[in-house]
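S.K.: Line by line, the protein sequences are chains A and B. Each residue of the first sequence is one higher than the one before, counting from 46 in the numbering used here. Each residue of the second sequence is one higher than the one before, counting from 973 in the numbering used here. Each residue gets a CB set at the ideal place from its N, CA and C atoms; glycine is no exception. This one's a predicted model, so the numbers in the text were calculated from it and none came from an experiment.
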Amino acid sequence: MTAVEVQQTPTAPEAAAAPAGTGGLLRRVLGRIVVGVLAVVLLVFILGPLVWMALVAFSKRWKAPALLPQSWTLDAWRNVFTTTPLGHAFMLSLIFAVAATLGSALICLPAAYAIGRSNFPGRRVILLGLFATNAFPKMGLFTSIATLFYGLHLMNTALGVVIVQLLGTVVIMTWIPSAAFAAVPPSLIEAARDAGAGPLRVFFTVTLRLAAPGISVALILAFLACFDEAQGSYLVGAPTYITMPTQMYSLVENYPEQAAAVFALVLTVPSVLLLLLVRKHVMGGHLAEGFQLR
Amino acid sequence: MTTAPGSDRSDGLRLSGISKVLGGRTIVEKMELQVSPGELLCLLGPSGCGKTTTLRMIGGFLNPDAGRLTINGVDHTHSKPERRPTAMVFQNYALWPHMSVAKNIGFGLKVRKLSADKIRQKVDWALDLLGLQHHRETMPARISGGEQQRVALARALVLEPEVLLMDEPLSNLDAKLRVQVRETIREIQQRLGITTVFVTHDQEEALSIADRIAVMNNGRIEQLAAPAELYARPRTTFVAGFIGTMNTLDVGPAGGGVPLDDGALLPCDTFSGAAGDVCWIRPEDLQITEADHAGSVRAVVLRVIPRGHYREVLLQSHGSTLRAFTDGEPDVEQIVGLRATNALVYADDALVQDDEPARPGRAVRAVADSGDRG
């Protein structure tokens, strides 16, 4: 029904052009409908797979034409929680993700500062080069990394997993903070120097403080990327180090699809929790706290 | 020059032969400038004249390529901004958005490792001085532009700098507030007797706030003088054109008057010099008289622009368009008489200044009248 109305919109404005009053109203109503339809489509697109996954996780039998599963069960949940070392995998994921994120911050933030606040020759090349690393297929990169790691005796080591996760965050950890550093108005830094603060003090009390929202966004994104990283961690860490996402790989292969659905849901929990936790900080206007400066 | 290089106990700010080249262009060229203790000096000029660059060199944000800069006798040519006894008020205020008003003001004191008590005491003094007590804990983004400006000033003053630097501090305020804050700045500057360098491109601002004004053009000081002197005797055509309004007649004086477009003479009482290639006349130095009044030239009123307590009148006289300020109320298209009381004569863009101001007015008034006919 709505589809029919949407198709009418192109002709409607022409017909309504002369009588402005009713035409304007009609156009507004149609506009609302179009926006509403788009919103619903977007919602289904984003939430649909999650809802489907949640339903699968509780279903016992679900055949194609039916909108809902025919019978329900908690078997899959029981299976996952009893037969897999979930706690251990979770702890490993957490440790690796935190280590990789911090390591990445340690390496990338100074680079981001240099790129953001100074104009050295080759600056753009470095930025684009970092970006270009994302252009290659991940699996191909991991294969060559694996050969390298064998030679360096990093295969099946915790350090190896951390490094492979870290590599994936370099772009995020450089691009976003460098933009944040670059956005700090020079006059604020000069004002601090003028007030008598040395370069280090200025960095910690003004520059870093004002770039903090951007840096925390990068930290969060990097952490989530590490936490969800599966291919590299699997290739380098398995079977010694099994993180949550790599665990899922074996679940998908060895268990019925319900178990995989359960695990996928479990895997989303930490990410969702983290995002909820920082939502206020990221979205609460702290980025906009630095008022208008020319 | 009003200041001789005396070696008093307190020397103030001194720039000797300061030059700066940026991107292959000479921004400031061999600048000589001395600001006496307690003086407010304005650097005035169009954008790109080098005034802000000069200020940034005094503040230590730019290093001069040549020359020497001393503050009260101490060489600060190349010292870092944090080591200089200067404090800057930035054009966009540059308040730290993550610190409250009190924290902004107290930051420099904290850096100097003063005790918390001492800091509170000094911050209170600054807040009182600028009437900001009620905004003590407010964040800078929550207060108005005028208040932000006052916080920036308080932040600079609390450090008791030897030289206060202000970079177009009023340019972001609306007209009414600008006058108000300007008076606040001047009042506090005089009360504290603080040596100040104030950069502006607004001549009215400079004239009303400064002890002396340095008019800059292309990296050089064109004239350094007190406001009244600068207005009355602009030494170059650039200064004359930049300060106030001018009637620019591109002919030298002749026969006790200024030849208008078709050769008729505009009678003039006094000239800055006897000979030159242009005569410039301030609008208030043009007098509107009755038509055919003795010692006047005929003119027709083109437009009358009310300016409150006076009127700006555009006149056409013998092919030349002139601008006069008057208290009278002439009508448009009225035929009037016009005479000048004083003209500034320039030769090669420099003011021609005879020791005794030439006074050919009375003697040649007859000539002027006959010129009026032809």
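Would you please verify whether the beta carbon of B:Ala-1066 is less than 8 Å from any beta carbon of chain A?
M.R.: Yes - at least one Cβ of chain A is within 8 Å of the one on B:Ala-1066.
S.K.: Please report how far the alpha carbon of A:Gly-196 lies from the alpha carbon of A:Ile-287, in whole angstroms.
M.R.: So the two alpha carbons sit approximately 22 Å from each other.
S.K.: Curious, which full-length alpha helix (DSSP H) runs of at least 4 residues does the stretch 262–313 of chain A contain?
M.R.: For the stretch 262–313 of chain A, whole alpha helix (DSSP H) runs of length 4 or above, ordered along the chain, are 276–282, 289–299.
S.K.: Nearest CA to the CA of B:Gly-1022: which residue from B:Met-1060, B:Pro-1036, B:Glu-1011, B:Thr-1209?
M.R.: The shortest C-alpha separation from B:Gly-1022 is found at B:Pro-1036.
S.K.: How do the stretch 1048–1061 of chain B and the stretch 239–255 of chain A stand: do at least 3 beta-carbon pairs fall below 8 Å, yes or no?
M.R.: Taking 8 Å as the limit for Cβ pairs, the verdict is that the stretch 239–255 of chain A does touch the stretch 1048–1061 of chain B.
S.K.: The beta strand (DSSP E) that contains B:Asp-1241, what's its start and end?
M.R.: Where B:Asp-1241 is concerned, the enclosing beta strand (DSSP E) stretches over 1237–1243.
S.K.: To which residues of the same chain is B:Gln-1063 closer than 8 Å at the C-beta, ignoring the five residues directly before and after it?
M.R.: Same-chain partners within the cutoff: Asp-1139, Glu-1140, Pro-1141, Ser-1143, Asn-1144.
S.K.: Output the boundary residues of the beta strand (DSSP E) element that contains B:Arg-1270.
M.R.: 1269–1278 is the span of the beta strand (DSSP E), which, as asked, contains B:Arg-1270.
S.K.: When the Cα atoms are used, what is the spatial distance from B:Ser-991 to B:Phe-1210?
M.R.: So the two alpha carbons sit approximately 21 Å from each other.
S.K.: Starting from the N-terminal side, write out each stretch of the alpha helix (DSSP H) that is 4 residues or longer and does not extend beyond the stretch 1108–1151 of chain B.
M.R.: Here the runs fully enclosed are 1117–1129.
S.K.: Can the beta-carbon of B:Ala-1312 be found less than 8 Å from the beta-carbon of B:Gln-1288?
M.R.: For B:Ala-1312 and B:Gln-1288, no; Cβs fall outside 8 Å.
S.K.: Where A:Val-96 and A:Pro-166 are concerned, what is the direct C-alpha to C-alpha distance, given to the nearest angstrom?
M.R.: Each residue's alpha carbon lies about 51 Å from the other.
S.K.: For B:Val-1230 and chain A, any beta-carbon pair shorter than 8 Å?
M.R.: Chain A contact via Cβ: absent.
S.K.: In chain order, which continuous runs of the beta strand (DSSP E) of length 3 or greater are located wholly inside the stretch 1047–1105 of chain B?
M.R.: With a minimum length of 3 residues, the continuous beta strand (DSSP E) runs that stay inside the stretch 1047–1105 of chain B are 1058–1061.
S.K.: Less than 8 Å between the C-beta atoms of A:Ser-116 and A:Arg-123, yes or no?
M.R.: No, these two residues do not count as a Cβ contact at 8 Å.
S.K.: For the stretch 225–256 of chain A, which residues have a beta carbon sitting closer than 8 Å to at least one beta carbon of chain B?
M.R.: Residues Pro-230, Ser-232, Leu-233, Glu-235, Ala-236, Ala-237, Arg-238, Asp-239, Ala-240, Gly-241, Ala-242, Gly-243, Arg-246, Thr-250, Val-251, Arg-254, Leu-255.
S.K.: As a quick exercise: from B:Ile-1307, B:Glu-1194, B:Ala-1226, pick the residue whose alpha carbon is nearest that of B:Met-1000.
M.R.: Note on residue identity: the sequence assigns Val, not Met, to residue 1000 of chain B. Taking only the C-alpha atoms, the option nearest B:Val-1000 is B:Glu-1194.
S.K.: If you follow the alpha helix (DSSP H) that A:Asn-124 is part of, which residue opens it and which one closes it?
M.R.: Unbroken alpha helix (DSSP H) run through A:Asn-124: 120–128.
S.K.: Short check: CB of B:Gln-1043 to CB of B:Leu-985, under 8 Å?
M.R.: Rather than Gln, the amino acid found at residue 1043 of chain B in this sequence is Ile. Yes. Within cutoff.
S.K.: Roughly how many angstroms separate the alpha carbons of B:Tyr-1203 and B:Glu-1301, rounded to a whole number?
M.R.: Computed Cα separation, rounded: 26 Å.
S.K.: What would DSSP say about A:Trp-220, mapped onto helix, strand or coil?
M.R.: Correct three-state label for A:Trp-220: helix.
S.K.: What's the gap between the Cα of B:Asp-1344 and the Cα of B:Ala-1200?
M.R.: At B:Asp-1344, the pLDDT of 37 sits below 50, so the modelled position is not reliable; the number obtained from the coordinates is stated separately. When rounded, the distance between both Cα atoms is 34 Å.
S.K.: Under the three-state reduction of DSSP, which class applies to B:Ala-1246: helix, strand or coil?
M.R.: Three-state result, B:Ala-1246: coil.
S.K.: Using 8 Å as the threshold, is the stretch 192–210 of chain A in touch with the stretch 303–319 of chain A, meaning 3 or more CB pairs across them?
M.R.: Contact fails: fewer than three Cβ-Cβ distances are below 8 Å.
S.K.: Does DSSP put A:Trp-107 in a helix, in a strand, or in coil?
M.R.: Looking at A:Trp-107 - three-state DSSP - the assignment turns out to be coil, as it is neither helix nor strand.
S.K.: Which two residues bound the contiguous beta strand (DSSP E) that contains B:Leu-1012?
M.R.: 1012–1016 is the span of the beta strand (DSSP E), which, as asked, contains B:Leu-1012.
S.K.: For A:Val-215, collect the residues of the same chain with a Cβ closer than 8 Å to its Cβ; drop the 5 residues on either side in sequence, then sort them by chain order.
M.R.: The residues are Ser-149, Ile-152, Cys-153, Leu-175, Thr-178.
S.K.: Output the distance between the C-alpha atoms of B:Val-1276 and B:Val-1095, rounded to the nearest integer angstrom.
M.R.: Cα to Cα, B:Val-1276 sits roughly 52 Å from B:Val-1095.
S.K.: Do we get a CB-CB distance below 8 Å when we pair B:Glu-1054 with the residues of chain A?
M.R.: Yes - at least one Cβ of chain A is within 8 Å of the one on B:Glu-1054.
S.K.: Would you mind telling me which residues of chain A sit closer than 9 Å to B:Ala-1074, beta carbon to beta carbon, in chain order?
M.R.: Near B:Ala-1074 there are no residues of chain A at all, since even the closest Cβ is about 14 Å away, more than 9 Å.
S.K.: Which residue comes first and which comes last in the alpha helix (DSSP H) that contains A:Ala-237?
M.R.: Looking at the DSSP string, the run of the alpha helix (DSSP H) that includes A:Ala-237 is 231–239.
S.K.: Taking Cβ positions only, does B:Gly-1083 come closer than 8 Å to chain A?
M.R.: According to the sequence as given, residue 1083 of chain B is Val; it is not Gly. Taking Cβ atoms only, chain A reaches closer than 8 Å to B:Val-1083, which makes this a yes.
S.K.: Determine, using beta-carbon pairs with one atom in the stretch 1077–1092 of chain B and one in the stretch 262–271 of chain A, whether at least three such pairs fall under 8 Å.
M.R.: Segments in contact, no.
S.K.: Here's a check: name, in chain order, each residue in its chain whose Cβ is nearer than 8 Å to the Cβ of B:Ile-1115, leaving out the five neighbours to either side.
M.R.: Val-1073, His-1107, Val-1123.
S.K.: Given 8 Å as the limit, is there contact between the stretch 1220–1237 of chain B and the stretch 1170–1188 of chain B, that is, 3 or more CB pairs closer than that?
M.R.: No: the two stretches stay apart, fewer than three of their Cβ pairs being nearer than 8 Å.
S.K.: Rounded to whole angstroms, what is the Cα-Cα separation between B:Ser-1244 and B:Asp-1257?
M.R.: In a straight line, the C-alpha of B:Ser-1244 is about 13 Å away from that of B:Asp-1257.
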